[in-house]
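Here is the structure we will look at.
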């Protein structure tokens, strides 16, 4: 399918998979709206990409900021053809009361934030008969020790996405991407020392570059509208989990 002038909204676009995807989609002919909390960072990326890119500061846990972002996308770009729910946090640690604020942060960002972005942009996607891409994780299929709350958010995203697939077809395609280890900043924010070291070692020795996932997403979006790659699990070849 032609990508000329299609508009893609990408959350969490300041680094990692979001930034890599913005670059990939611009190369494919898309215009992109980069949403993230770090305005300075997405502005730098947008400036580098040029006119096809628009930087919009937004926090997926703040519905008012998402509503304002959607209004700008409609006004300045003509509405979204694609929404990519990429914003997320991974705060792995043994489950316990001392991490309850982090549990809530992951639920509010990874799951409720994704729901918020989707409901706010849903009318635009309906108008364009567009595509919804939810970035889940291999942790939405497996749940090792230390991943209890994080895996809960990704299993939740998978179930919610499957219900949306049935509800929104055939007008809107729903795709779930489940990356294994990817070399991003996610592990830098872990506060449990042992879990952080394990995650960073995995990132340094096993993880694939974010561009690999960006290319998979671009491929899925390029398929004819008569088919949908509903669920794509992508692991580094050497990853065991």
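In our numbering, the protein residues as written are 133 to 373.
Each residue gets a CB set at the ideal place from its N, CA and C atoms; glycine is no exception.
Within the stretch 173-230, the complete beta strand (DSSP E) segments at least 3 residues long are 185-189 and 214-217, listed from N- to C-terminus.
Of the residues assessed, residue 302 falls on the exposed side of the cut-off, its CB having fewer than 16 other CB atoms within 10 angstroms. Remark: C-beta atoms of residue 304 and residue 263 approach each other more closely than 8 Å. Just so you know, the alpha carbons of residue 268 and residue 286 end up roughly 5 Å apart. The DSSP-derived three-state label of residue 369 is coil. Note that the stretch 157-173 touches the stretch 201-216; at least 3 beta-carbon pairs, one per stretch, sit closer than 8 Å. The beta carbons of residue 148 and residue 142 sit no closer together than 8 Å. Secondary structure remark: continuous beta strand (DSSP E) runs of at least 3 residues inside the stretch 309-346: none found.
Here residue 360 has 305 as same chain residues with Cβ atoms under 6 Å from its own Cβ, once five neighbours each way along the sequence are excluded. Contact annotation, residue 321 with residue 223: C-beta distance approximately 7 Å; criterion of less than 8 Å satisfied.
Residue 282 is positioned such that its CB atom lies no closer than 8 Å to that of residue 313.
Where residue 167 is concerned, the enclosing beta strand (DSSP E) starts and stops at 163-168. The criterion of a C-beta distance shorter than 8 Å is not satisfied by residue 192 and residue 250.
DSSP places residue 142 inside the beta strand (DSSP E), whose first and last residues are 139-143. Rounded to the nearest whole angstrom, the C-alpha separation of residue 199 and residue 297 is 23 Å.
Residue 304 carries a coil assignment under DSSP once its states are collapsed to helix, strand and coil.
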